[in-house]
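In what follows, a structure is listed as structure tokens, so that the remarks can point back to it.
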Amino acid sequence: MNILFYRALDHDKLGEIETLGLLNTVPIIIVSGMIFTDERNFTVLVPALVASAAIVWSHWERHHIKIARDTLPYLICSLIIAPVSAVISKELLTVWNPIALEMVRTGALAAAFIFVFRDAIAKVPAHALRLLILTNILTTVAWVLFYFGYQRLGIVHTLLLFSLQPFLVYMSSVFILKEHPSWKRTVGFVIVLVSIGVAEWINYM
């Protein structure tokens, strides 16, 4: 999945890739609701689907979703793998600690990729390798928080809260990387914020 992500990033904008990454929340929400009874909380489920629909709409141009050709494999793979991964993760988290689960997952992937790409890794400059390690540390921390959310809030509620992340990255890409802003993405960002606010307000009433 990460390989496809970076290949897509090589041909598309950062803000676009991060926002498209939220599309996999739709099948995750649907599959989770079908399998787990505790995920059928409509006060969270409906706002989560609204937020996901806003993301799709923000990329809808001329009767289709505007996606770069090299980004499509990442999106398709993400839509297929993400629901399965979420279900397996929730089952594992009934007996595993989130930190331990992420350490095992990351360690297994690192061992496999170091073996497969050992020649390419040897050619990576030292400064780039340091940035790569830092990126992976931050990603690991993010996944640990994600797993804690799965364990304590549920899949759907966690996805709703984390749906802010790609839009924050999109805003950063506009202000820091000077990528061209889109009014539809901005409106989508507002809809996601409102969806999160409504879900939290209803749950804590």
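Heads up: the sequence shown is residues 579 to 783, going by my numbering. Even glycine gets a Cβ: it sits at the ideal position worked out from N, Cα and C. These numbers come from a predicted model, not from an experiment.
If you look at Leu731, you'll find it isn't in any alpha helix (DSSP H); DSSP assigns it neither H nor E. Around the CB of Val622, 16 or more other CB atoms lie within 10 Å, so the residue is classed as buried.
Contact between Tyr748 and Leu679 fails: their C-beta atoms lie close to 29 Å from each other, not under 8 Å. In the same chain as Ser636, and ignoring 5 residues on each side of it, the C-beta atoms closer than 6 Å to its own belong to Lys762, Arg763, Gly766, in chain order. Glu669 sits exposed, since fewer than 16 C-beta atoms from the chains shown fall within 10 Å of its C-beta. CA-CA distance, Ser630 to Phe740, rounds to 12 Å. The beta carbons of Glu617 and Val734 sit about 5 Å from each other, so the pair counts as a contact at 8 Å.
In the three-state reduction of the DSSP assignment, Trp638 falls in the strand class.
Counting along the chain, the unbroken alpha helix (DSSP H) around Ser610 starts and ends at 603-613.
Here DSSP, grouped into helix, strand and coil, assigns Thr718 to helix.
The C-alpha of Ser773 is placed about 12 Å away from the C-alpha of Leu737. Residues Ser667, Lys668, Leu671, Thr736 of the same chain have their beta carbon placed closer than 7 Å to that of Tyr728, with the five preceding and five following residues left out of the count. Within a 10 Å sphere around the beta-carbon of Val702 sit fewer than 16 other beta-carbons, which makes this residue exposed.
A direct Cα-to-Cα measurement between Val673 and Val628 gives close to 32 Å.
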